[in-house]
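Okay, so here's the structure we're looking at.
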Amino acid sequence: MNETRFRSLMRDAIGDEAMHPRLASAVRTRLAERPARAAGTRLPLLIAAAVLVAVTAAAWLVAPLLTGRTTQIAVPAASPSPAAVDPLNCRLPVVGQDGNYGFVDTRTGQFTVGESPLPVTPRAYSTSLHRWLPVPPAQVEPDGSRYVWLDGRELHRFDIAANRDVVLLTFGFDVYIWRWDADGIRMGDVPSSSLTSQRRTWVIDPGTGATIQGPATLLGPPFQPLPGDPRGTDGTSFHSLGTDAQGHTIWWFFNLDRPGAADWVFYETEPGQRVYIYKGTQGDATGFDPGEALGDGTGLWFTDHDHAVIWRWQPGSDLRKVAVTGLPADTALALAGPCF
0 MNETRFRSLM RDAIGDEAMH PRLASAVRTR LAERPARAAG TRLPLLIAAA
50 VLVAVTAAAW LVAPLLTGRT TQIAVPAASP SPAAVDPLNC RLPVVGQDGN
100 YGFVDTRTGQ FTVGESPLPV TPRAYSTSLH RWLPVPPAQV EPDGSRYVWL
150 DGRELHRFDI AANRDVVLLT FGFDVYIWRW DADGIRMGDV PSSSLTSQRR
200 TWVIDPGTGA TIQGPATLLG PPFQPLPGDP RGTDGTSFHS LGTDAQGHTI
250 WWFFNLDRPG AADWVFYETE PGQRVYIYKG TQGDATGFDP GEALGDGTGL
300 WFTDHDHAVI WRWQPGSDLR KVAVTGLPAD TALALAGPCF
């Protein structure tokens, strides 16, 4: 499917409206940030790392370049994570747009300020090492012991316990980190949130920098439009919020400026097979206007578009709202890691 066909298909499904201005500036800011930069405006919180579709196998990539570089950072001893987490009574790491970072008690909603020796505002929290990190959660290894980051076209892996930074791979073109999951480090030649109809992806071995899968060329729309979807004639647009623990991309149909417009949040298990997390209207009594999504072993966590609010959802249950206290009510939050 070429670019013209893709745009035509998506226009027929939801129209050709631009992203809402309040979201567009935040998206551009977040994508342009280096891992060590702090989010500083109202919604640079929307897209940590969302993956669009699964990667299929192929075979070629530039040869890996391995070097060893060390960075001296004091690291606390690792502590074991609890075997089970009660989502109604756990601590959820968050970062506020004003630079505050810490934990939300999901039982009471109370925010507690965190502490970190980092010279910048943290972006993620390792629950296994009890350490704040300078990269988004999508770039952290699932067990919280390492993270990856990009220096130009160099892919780095930082081993926290060993205080060591290793160059895993050098690309000959611009690349983006999509996320680190159980299969490896997923990367693409466009951001994970990109709606372009053609994109190349790779899965990189985090130990050696070798290519496990790819490059695979992905074609077509990021999800399958269905009859009844908003057509965009009322200004409704769509946006990716993040992924669940299984890697499904969470999508949001929205129009923040039109009461009664579609306010839908869903993911696909297969093309055209949707699981609706929420299917309401803009301005309804629920007031669910998500900022971003992050999946963990307890389900899905959402921030609010422009309020100090956390939402939780899991299959078979309704949305649960937690009003955060201890922060200004209009504080937009970013999710920094799983609840623990």
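Here numbering that gives the first Met the number 0 is used: position 313 in the sequence shown is 312, and no number is missing along the way.
Where is the CB? At the ideal position from N, CA and C, for every residue including glycine.
Everything numeric in this text was worked out from a predicted model, so none of it was measured.
Tell me which same chain residues have a C-beta within less than 8 Å of the C-beta of residue i, skipping the five on either side of it?
i: Pro205; result: Glu140, Arg145, Val147, Arg156, Leu167, Trp179, Gly183 and Ile184
i: Thr268; result: His247 and Val274
i: Gly101; result: Pro92, Val93, Phe110, Thr111, Val112 and Gly113
i: Ile276; result: Ile249, Val264, Phe265, Tyr266, Leu299, Trp312 and Leu318
i: Phe172; result: Arg152 and Asp188
Suppose you measure from the CA of residue i to the CA of residue j; what does that come to, to the nearest Å?
i: Thr111; j: Asp158; result: 28 Å
i: Val202; j: Ala209; result: 9 Å
i: Trp310; j: Asp283; result: 16 Å
i: Phe237; j: Pro270; result: 17 Å
i: Glu153; j: Val321; result: 40 Å
i: His306; j: Val94; result: 13 Å
i: Asp97; j: Val264; result: 27 Å
i: Thr232; j: Leu194; result: 19 Å
i: Ala181; j: Arg122; result: 21 Å
i: Asn99; j: Pro226; result: 43 Å
i: Arg286; j: Gly315; result: Residue identity check: residue 286 is Gly in the sequence provided, not Arg. Going from the Cα of Gly286 to the Cα of Gly315 covers about 20 Å.
i: Gly187; j: Lys278; result: 31 Å
i: Gly325; j: Ala292; result: 22 Å
i: Trp177; j: Gln138; result: 8 Å
i: Pro116; j: Asn162; result: 14 Å
i: Pro327; j: Gly219; result: 42 Å
i: Asp329; j: Phe253; result: 20 Å
i: Gly151; j: Asp164; result: 15 Å
i: Leu345; j: Tyr175; result: With the chain covering 0 to 339 only, the question about residue 345 has no answer from this structure.
i: Thr207; j: Gly213; result: 16 Å
i: Arg68; j: Leu149; result: Per-residue confidence for Arg68 stands at a pLDDT of 31, beneath the threshold of 50, marking its modelled position as unreliable; no derived number is given.
i: Ile211; j: Arg130; result: 29 Å
For residue i, collect the residues of the same chain with a Cβ closer than 7 Å to its Cβ; drop the 5 residues on either side in sequence, then sort them by chain order.
i: Leu87; result: Thr105 and Arg106
i: Ala244; result: Gly294, Asp295 and Gly296
i: Gly143; result: Ser125, Thr126, Ser127 and Leu128
i: Arg198; result: Gly187, Asp188, Val189 and Leu217
i: Leu64; result: Here Leu64 scores only 28 on pLDDT, less than 50, and its place in the model should not be relied on; the value that follows carries that caveat. Only Val166, Leu168 and Thr169 meet the Cβ criterion.
Which first and last residues belong to the beta strand (DSSP E) in which residue i is found?
i: Phe237; result: Ser236 to Thr242
i: Gly271; result: Premise fails: Gly271 is in no beta strand (DSSP E) and is neither H nor E.
i: Glu153; result: Glu153 to Asp158
i: Pro92; result: Arg90 to Gly95
i: Phe252; result: Thr248 to Phe253
i: Leu132; result: Arg130 to Leu132
i: Glu291; result: Pro289 to Asp295
i: Asp355; result: Since the first residue shown for the chain is 0 and the last is 339, residue 355 is missing from the structure and cannot be characterised.
i: Ser125; result: Ala123 to Ser125
i: Phe301; result: Gly298 to Asp303
i: Leu167; result: Arg163 to Thr169
i: Pro214; result: Thr210 to Leu218
i: Asp150; result: Arg145 to Asp150
i: Gly187; result: Gly183 to Gly187
i: Arg340; result: Absent from the structure is residue 340, since the part of the chain shown begins at 0 and ends at 339.
i: Val321; result: Arg319 to Ala322
i: Thr111; result: Phe110 to Val112
i: Thr200; result: Gln197 to Ile203
i: Leu332; result: Leu332 to Leu334
i: Val308; result: Val308 to Trp312
i: Arg178; result: Tyr175 to Asp180
Are the beta-carbon atoms belonging to residue i and residue j less than 7 Å from one another?
i: Gly290; j: Thr280; result: no
i: His304; j: Asp317; result: no
i: Leu334; j: Trp300; result: yes
i: Gly336; j: Pro136; result: yes
i: Val103; j: Val323; result: yes
i: Arg257; j: Gly241; result: no
Spatial neighbours of residue i within its chain, please: C-beta separation below 6 Å, excluding the five flanking residues on both sides.
i: Leu332; result: Val93, Gly95 and Thr302
i: Ala261; result: Pro229, Thr235 and Phe252
i: Gly108; result: Val321, Ala322, Val323 and Thr324
i: Gln272; result: none
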